[in-house]
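Chemist: Anchor point for the sequence shown: position 65 equals 64 in numbering that gives the first Met the number 0, and the numbering is continuous, going up by one each time.
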Amino acid sequence: MTDAIELQREGGLLTLRLNRPDKKNALTRAMYSRLAQALAEADADPQINALLICGSSECFTAGNDIADFLQQPPRDLDSPVFQFMRNLLDCRKPVVAAVAGAAVGIGTTLLLHCDLVYVSRDARLRMPFVNLGLCPEFGSSLILPRLLGQAKAAELLLLGEGFSGEQAAAWGIATAALGDGAAALAKAREAALRFSQLAPEAVQVSKRLMKAPYREQLRQVIEEEGAQFTQRLRSPEAIAALSGFFAKG
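(1) Measuring only the C-alpha atoms, how far is residue 164 from residue 121?
(2) Given a cut-off of 9 Å, decide if residue 115 and residue 167 are closer than it, judged by their beta-carbon atoms.
(3) From the DSSP output, in three-state form, read off residue 174 for me.
(4) Applying the 10 Å Cβ sphere with the 16-neighbour rule, what's the burial state of residue 30?
(5) For the segment 78-149, list the alpha helix (DSSP H) runs that are entirely contained and at least 4 residues long, ordered along the chain.
(6) Here's a check: name, in chain order, each residue in its chain whose Cβ is nearer than 6 Å to the Cβ of residue 48, leaving out the five neighbours to either side.
(7) So what's residue 228 in DSSP terms, helix, strand or just coil?
(8) Determine which residues share a DSSP beta bridge with residue 60 and list them.
(9) What are the boundary residues of the beta strand (DSSP E) that includes residue 4?
(10) Mapping DSSP to helix, strand and coil, what is residue 221?
(11) Tell me the DSSP secondary structure of residue 49 in three-state form.
(12) Less than 9 Å separating the beta-carbons of residue 244 and residue 131?
(13) According to the neighbour-count rule (16 or more other Cβ atoms, all chains shown, within 10 Å of its Cβ), is residue 84 buried or exposed?
(14) Alpha carbon to alpha carbon, how far is residue 73 from residue 206?
(15) For the candidate residues 221, 219, 232, 201, whose alpha-carbon lies nearest to that of residue 91?
(16) How would you label residue 118, buried or exposed, when you count the other beta carbons within 10 angstroms and need 16 or more for buried?
(17) Within the segment 150-199, note down every full alpha helix (DSSP H) run reaching 4 residues or more, in order along the chain.
(18) From 105, 151, 146, 181, pick the residue whose C-alpha is nearest to that of residue 225; which is it?
(19) Please name the residue, chosen from 58, 236, 233, that lies closest to residue 22 on a Cα-to-Cα basis.
(20) Take residue 239 and list the residues in its own chain whose beta-carbon comes closer than 8 Å to its own, dropping the five residues that flank it on each side.
(21) Where does residue 1 sit, in a helix, a strand or coil, going by DSSP?
(22) Per DSSP, residue 17 is paired with what?
(23) How close, in whole Å, do the beta carbons of residue 24 and residue 54 come, if the pair is a contact with beta carbons under 8 Å?
(24) Short check: CB of residue 78 to CB of residue 183, under 9 Å?
(25) For residue 208, write down the residues that DSSP places opposite it in a beta bridge.
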C-alpha cells in the first residue's frame, strides 16, 4: 500500500502525492504511516526546503478508507493517523497543499495545518464527522471557530455541511482558489519552489513564531479530540453509521 504515496524530489522540494485513484485517494493505515515517515525524514533533511501535499488534478482525497477503518480502527494516540497529525503539526518547514475535487474529513482538516493552500474553485470540501457518529479531529474544533466564528463553524462541524474551494479561499481556509485542479497544482508547485530561493532558517523561524502563541493549546485539543474520536469509533452510533456507509459502497 505504500505505493499509494508517491514521493518526488525536485531540488529542495519534496512532493507527497496521494496516488490511489481507484479509491479516490482514500487514506489507509499504511498510507498514514508512509506520510508520517516522509514528513519526519523531510523535516530532518537539510536539503529539503519545503513540502507539497497533493492528490491528482481531479481528486485530493475522499478521507479515511472506511473499510480499512472498520478492520483496523485507531486504538490510541500512537496509531498511524495520529503520528501523521503530530508530524504535520511539528513540521518546521513550510508545507504547501494543492486541492482539487473531493477533500473529505481529514482531507479538509489537514489543510488547517498547511502554510499555503491552493484549491480549485469547484473543489468540494466537507467534514462529515457527526454524520458518521464521530467528532471533529486534528484541531478543527479549536481552529474553525476562531477562524470562521462559532455559527459558521457549527454549520460545518455540527451539520457536516460541505463547501466549495471558492468559499474556502474567501473564509481563509485556503490561500487562493484557481480555475481548475491543474491550475491549483501548478500554483502550489510554483509557491513551494519559491522557498528554495529564500533563507531556510529565516523561513523556519518565521513559521515557528507565527504558530507559537497557540501551539500548546492546539496540541492539547488534538489529543483530546483524538481520545474522543477513538472512543466514538467504538460507539453504537459510529459502528452503525460506518457500517451503513460501507454497505452503500
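Cβ coordinates follow ideal geometry from the N, Cα and C atoms, glycine included. This one's a predicted model, so the numbers in the text were calculated from it and none came from an experiment.
Modeler: Here's the rundown:
(1) Distance from the CA of residue 164 to the CA of residue 121, rounded to the nearest whole angstrom, comes to 6 Å.
(2) No. Outside cutoff.
(3) The answer is coil: DSSP assigns residue 174 none of H, G, I, E or B.
(4) Around the beta carbon of residue 30, 16 or more other beta carbons sit within 10 angstroms, so the residue counts as buried.
(5) Annotation note: the segment 78-149 contains the following uninterrupted alpha helix (DSSP H) runs of length 4 or greater, listed N- to C-terminal: 79-89, 105-108, 139-147.
(6) Excluding sequence neighbours, residue 48 sits near 11, 194, 195, 199.
(7) It is helical.
(8) Partner(s): 102.
(9) For residue 4, the enclosing beta strand (DSSP E) has its first and last residue at 4-9.
(10) Three-state DSSP puts residue 221 in a helix.
(11) Secondary structure at residue 49: strand, using DSSP grouped into helix, strand and coil.
(12) Taking 9 Å as the cut-off, the beta carbon of residue 244 is found closer than this to the beta carbon of residue 131.
(13) So residue 84 counts as buried.
(14) Between residue 73 and residue 206, the alpha-carbon positions lie close to 30 Å from each other.
(15) Taking each of 221, 219, 232, 201 in turn and checking the Cα distance to residue 91, the smallest one comes out for 201.
(16) Under the 10 Å beta carbon count, residue 118 is surrounded by 16 or more other beta carbons and is classified as buried.
(17) You should have 164-170, 180-193.
(18) It is 105.
(19) Residue 58 is the option with its Cα nearest to residue 22.
(20) Only residues of its own chain outside the window of five on either side were considered, and among them 132 have a CB closer than 8 Å to the CB of residue 239, listed in chain order.
(21) Low confidence applies here, because residue 1 scores a pLDDT of 48, under 50, leaving its location unreliable and the question unanswered by this model.
(22) Beta-bridge analysis with DSSP links residue 17 to 4.
(23) In this structure residue 24 touches residue 54 by the C-beta definition: roughly 5 Å separates them, less than 8 Å.
(24) No, these two residues do not count as a Cβ contact at 9 Å.
(25) Paired residues: none, contrary to the question.
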